[in-house]
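First residue of the sequence shown: 1, per the numbering used here; consecutive thereafter. Just so it is clear, CB atoms sit at the ideal spot from N, CA and C, and this is done for glycine as well. Structure, as structure tokens:
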Amino acid sequence: MTAHKNQSFPRRVRFALGGLTHGLRAENSLKIQVAVFVVAVIAMLILRPGPLWWALVLLASAAVIAAELFNTAIEHLADHLHPQIHPQIQIVKDCAAAAVLVAVLGALAVALALLAHLLTE
């Protein structure tokens, strides 16, 4: 049994926050994604779109940050298990990076749709 299994909810939240903290300290791309999220929230507060737009922007932002965290976890695990460069490990890392790209493109699509909506109001 691992140390994380069957722990209380508050303890599991601390584990999760520890992972987020590590990601923010170690990964520049995660820092950038969180900064973009903060800018998006500030823009939303200024522009005051409806609740559906808030939900879409927050979900898209959460997807990008989650994808970035998964990418970080996969990279760390792959590097730990196979420190040497290996073509199969590179494929795993590339696929994880592609997931981040897809999430970012989805978030950009939401941003463009919101912009189009605001310009036509």
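Measuring only the C-alpha atoms, how far is residue i from residue j?
{"i": "L69", "j": "P49", "result": "28 Å"}
{"i": "N71", "j": "Q7", "result": "25 Å"}
{"i": "H82", "j": "I89", "result": "8 Å"}
{"i": "L56", "j": "A63", "result": "10 Å"}
{"i": "A111", "j": "H80", "result": "37 Å"}
{"i": "A16", "j": "V92", "result": "23 Å"}
{"i": "H22", "j": "E121", "result": "42 Å"}
{"i": "R14", "j": "I46", "result": "33 Å"}
{"i": "L128", "j": "L20", "result": "Nothing about residue 128 can be reported from this structure: the residues present for the chain run from 1 to 121 only."}
{"i": "A3", "j": "V36", "result": "34 Å"}
{"i": "L105", "j": "V38", "result": "18 Å"}
{"i": "I42", "j": "W54", "result": "12 Å"}
Does residue i pass the burial test, meaning 16 or more other C-beta atoms within 10 Å, or should it be called exposed?
{"i": "L30", "result": "buried"}
{"i": "V100", "result": "buried"}
{"i": "L114", "result": "buried"}
{"i": "Q84", "result": "exposed"}
{"i": "A60", "result": "buried"}
Along the chain, where does the alpha helix (DSSP H) containing residue i start, and where does it finish?
{"i": "I85", "result": "Segment: none, I85 is in no alpha helix (DSSP H) and carries neither H nor E."}
{"i": "G18", "result": "F9 to A26"}
Sort the options by Cα distance to residue i and report the nearest one.
{"i": "H117", "options": "D79, L52 and V38", "result": "L52"}
{"i": "E27", "options": "M44, F37, L58 and E75", "result": "E75"}
{"i": "C95", "options": "A67, L20 and R14", "result": "A67"}
{"i": "V102", "options": "I91, E121, I65 and P87", "result": "I65"}
{"i": "A73", "options": "W54, L24 and R11", "result": "L24"}
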